[in-house]
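Quick note: the sequence shown uses the working numbering, first residue 980, plus one each step.
To start, the structure itself, in structure tokens.
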Amino acid sequence: MRARVLLVLGMIASCTDSSAPGWMGDQDHARSLGELSIPGTHDSGARFEFSPGLAKTQELTIAQQLDAGVRYLDIRCRHVGDAFLIYHGAVDQNQTYDEVLATLFAFLDEHPSEAIIASVKEEATPSGNTRSFEATFAAYLAQAPQRWHLDPAVPRLGEVRGQVVLLRRFSAMTTPLGIDAAPWPDNTTFTVANAASLRVQDAYMVADNSVKWAAITSLLGEVRTAPSSTLFLDYTSGYQTMNALPNITIVSDDINARLAGYLADPANMNARLGVLVMDFVTADLAAAIVATNVR
């Protein structure tokens, strides 16, 4: 069954240009980001772990994700020595925030039709700092302020082409500073209503994959009739506990296969999906999501 679904996804990808790095160029300027179907990745920089299933969430580098069509990145930063390092939990991902930004900016220079939503969150225990997380973020921001879109509302695509749209998951004293997603309840489905309207499913502690899948598809049902200005973030990621340790792949292997089947169903091929935030994204999954924007 999984092989058949992946074959269908491959056929979808090969018959469309939806996996191209410039897919947003085909979308109207007036479309809200909330109206689009957008591939996203959870813990986008997490490619390393010291025990299988514990911390790695992606095979593709961030550059490869962008080339595959991913336009929502989940960037987790440990604050160390007044600088940001990419971490997943307590696990160092051998990458700096400077390197991530360089990748994003280089991609946008090459593909100015595109916009990238960057969720930025503090991760792990801070160490050796003389300033707040917000102050260090501001120092990075000051290096290239023109690269960022910092308005608090969900923008239209034409307003943000060539820019990084900040979705802020850390508290800030100076606002507006991007879309404020700092009030992020743990392990549930919730609504954020401020200058932006967000609907989020992030039930990541998974006791049963069928329950997780039901949460994912419930949000997929909501997004079809919701106002286009509402940004839906549907996290397909999660972990089950095995031998007292988190195991990511026992969830991702199953959920990604279910998602592939959902995307291959003709009833869903032109549906608005919102942002699907995945572990172990593939080019074919990303292409199938992007292809639904032809509607």
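We put the beta carbon where it would ideally sit given N, CA and C, even for glycine.
Bear in mind the structure is a predicted one, so any value in this text is a computation, not a measurement.
Sequence-distant residues of the same chain with beta carbon closer than 7 Å to residue i, five excluded per side
i, result
"residue 1183", "1166, 1214, 1216, 1217 and 1218"
"residue 1118", "none"
"residue 1148", "1098, 1099, 1100, 1160, 1161 and 1163"
Helix, strand or coil at residue i according to DSSP, with G and I counted as helix
i, result
"residue 1055", "strand"
"residue 1068", "coil"
"residue 1310", "Past the edges of the chain, shown from 980 to 1274, lies residue 1310, and the structure says nothing about it."
"residue 1185", "coil"
"residue 1019", "strand"
"residue 1257", "strand"
"residue 1170", "strand"
"residue 1138", "helix"
"residue 1101", "strand"
"residue 1115", "helix"
"residue 999", "coil"
"residue 1251", "coil"
Residue i burial status per 10 Å Cβ neighbour count (16 or more: buried)
i, result
"residue 1104", "exposed"
"residue 1153", "exposed"
"residue 1128", "buried"
"residue 1142", "buried"
"residue 1157", "buried"
"residue 1257", "buried"
"residue 1079", "buried"
Closest residue to residue i among the options (Cα-Cα distance)
i, options, result
"residue 1124", "1144, 1109, 1132 and 1107", "1144"
"residue 1221", "1232, 1186, 1235 and 1193", "1186"
"residue 1180", "1188, 1009, 1169 and 1206", "1169"
"residue 1177", "1205, 1092 and 1189", "1205"
"residue 1071", "1146, 1084 and 1055", "1055"
"residue 1061", "1077, 1084 and 1237", "1077"
"residue 1108", "1138, 1068 and 1063", "1063"
"residue 1171", "1038, 1268, 1030 and 1208", "1208"
"residue 1067", "1193, 1188 and 1225", "1225"
"residue 1259", "1239, 1139 and 1247", "1239"
Cutoff 9 Å: residue i Cβ touching any chain D Cβ
i, result
"residue 1024", "You won't find chain D in this structure, because it holds only one protein chain."
Sequence-distant residues of its chain with Cβ nearer than 8 Å to residue i (five each side left out)
i, result
"residue 1136", "1003, 1006, 1007, 1008, 1009, 1010, 1011, 1012, 1015 and 1094"
"residue 1075", "1062, 1063, 1064 and 1065"
Close-in-space but distant-in-sequence residues of the same chain around residue i (CB under 6 Å, 5 per side omitted)
i, result
"residue 1042", "1082"
Contiguous alpha helix (DSSP H) assignments of at least 4 residues, all confined to the stretch 1189-1247: 1228-1243
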